[in-house]
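*Asks:* Take this structure, written in structure tokens, and hold onto it; I'll ask about it next.
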Amino acid sequence: MPTSGASRSEGDGLLEVGRITKAHGLRGEVVVYLSSDRKERVAAGSQLESDRGPLTVVSSRKHQDRWIVHFKGCDSREAAEQARGTVLSAAPISDPEGLWVHELIGCMVQTPDGTQRGRIESVMDNPAADLLVLESGVLIPVVFAVGGPVDGVLVVDTPDGLFELLDS
């Protein structure tokens with residue numbers, strides 16, 4: 002496995018997509034925790050960036066909520082042990098339907114009739130649907146977003162009465 006001291010700058014446009022958590026077996030495989038559901042990140046032939054240099058996936062398979070991955074050049078248990086804790090990064094995947102958290106933070110939320118409801122402070126993970134957290138503390142399921150943000154505004158089409166319930 003490459004061990005060059007290649008460093009990534011903060012402005013390189015890469016996203017942290019996972020982390021090597023431990024070695025698996027004797028042939029250099031590692032356990033990878035992916036921070037998203039984009040399994041193409043660990044598909045054979047894909048390349049991930051790390052502070053150890055670029056890592057090319059030879060093979061991978063799902064194991065519970067993680068992935069067992071074999072990277073090119075990592076062929077022993079010792080090499081896999083040395084990779085423990087390595088942060089994996091990659092360029093964003095183009096997805097016209099997707100919403101990116103970094104694009105949502107700071108956006109003004111408004112209803113289709115133009116009523117402004119507040120700015121997005123963060124996005125909270127939730128099993129049913131991620132939640133937009135407004136500066137006021139109001140939580141709005143992201144599934145009510147209509148498209149993506151445009152000029153710093155995110156339109157949400159919520160069920161009638163939702164905001165009235167929150168305002169009372």
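Its first residue numbered 2, the sequence shown is counted upward by one per residue in the working numbering. We treat Cβ as the ideally placed atom computed from N, Cα and C, and that holds for glycine. Since the structure is predicted, the reported quantities are computational estimates derived from the model, not experimental observations.
Report the rounded CA-to-CA distance for ASP131 versus LYS23, giving the unit in angstroms.
*Replies:* Here the question's residue 131 lines up with position 130 in the sequence shown. Here the question's residue 23 lines up with position 22 in the sequence shown. Computed Cα separation, rounded: 29 angstroms.
*Asks:* Just mark THR116 as buried or exposed, buried being the case when its beta carbon has 16 or more other beta carbons within 10 Å.
*Replies:* Working through the sequence shown from its first residue, we reach residue 116 at position 115. So THR116 ends up on the exposed side.
*Asks:* For GLN48, collect the residues of the same chain with a Cβ closer than 6 angstroms to its Cβ; drop the 5 residues on either side in sequence, then sort them by chain order.
*Replies:* Here the question's residue 48 lines up with position 47 in the sequence shown. Hits under 6 angstroms: PRO55, THR57.
*Asks:* Assuming LEU135 and GLY119 make a contact with CB atoms under 8 angstroms, what is their CB distance in whole Å?
*Replies:* Stepping through the sequence shown from its first residue, residue 135 is reached at position 134. Stepping through the sequence shown from its first residue, residue 119 is reached at position 118. LEU135 to GLY119, Cβ: 4 angstroms. Contact.
*Asks:* Determine the closest residue to ARG67 out of ASP152, VAL32, ILE106, with distance taken between C-alpha atoms.
*Replies:* Here residue 67 corresponds to residue number 66 of the sequence shown, with the count starting at 1. Ranking the options by Cα distance to ARG67, first place goes to VAL32.
*Asks:* Terminal residues of the continuous alpha helix (DSSP H) containing GLU17?
*Replies:* If you number the sequence shown from 1, residue 17 lands on position 16. Note, GLU17: premise wrong, no alpha helix (DSSP H); beta strand (DSSP E) at 16 to 25.
*Asks:* Going straight from the alpha carbon of ALA7 to that of GLY29, what length do you get?
*Replies:* For the purposes of this step, residue 7 is identified with residue 6 of the sequence shown, where counting begins at 1. For the purposes of this step, residue 29 is identified with residue 28 of the sequence shown, where counting begins at 1. Interpretation of ALA7 is limited by its pLDDT of 34, a score under 50 that renders its predicted location unreliable; no figure is taken from the coordinates.
*Asks:* Looking only at DSSP bridge pairs, what is VAL43 linked to?
*Replies:* Position 42 of the sequence shown, counting from 1, holds the residue named residue 43. Partner(s): none; VAL43 has no beta bridge.
*Asks:* Pop quiz: LEU105 and VAL124 are said to be a contact at Cβ under 8 angstroms. What is the actual Cβ separation, rounded to whole angstroms?
*Replies:* Position 104 of the sequence shown holds residue 105. Position 123 of the sequence shown holds residue 124. Right, their Cβ atoms sit about 6 angstroms apart.
*Asks:* In whole angstroms, what separates the C-alpha of MET2 from that of MET109?
*Replies:* As a position in the sequence shown, residue 2 is number 1, starting the count at 1. As a position in the sequence shown, residue 109 is number 108, starting the count at 1. In this predicted model, MET2 has a pLDDT of only 48, less than 50, meaning its place in the structure is not dependable; the value taken from the coordinates is given anyway. Roughly 45 angstroms separates the two Cα atoms.
*Asks:* Hey, would you say the C-beta of VAL143 is under 7 angstroms away from at least one heavy atom of the ligand FAD?
*Replies:* Judged by which ligands are present, the structure shown has none, so any question about the ligand FAD falls away.
*Asks:* Span of the beta strand (DSSP E) holding PHE91?
*Replies:* Residue mapping note: residue 91 aligns to position 90 of the sequence shown, counting from 1. Contrary to the premise, residue 91 reads as Ala rather than Phe in this sequence. Segment 88 to 91, the beta strand (DSSP E) holding ALA91.
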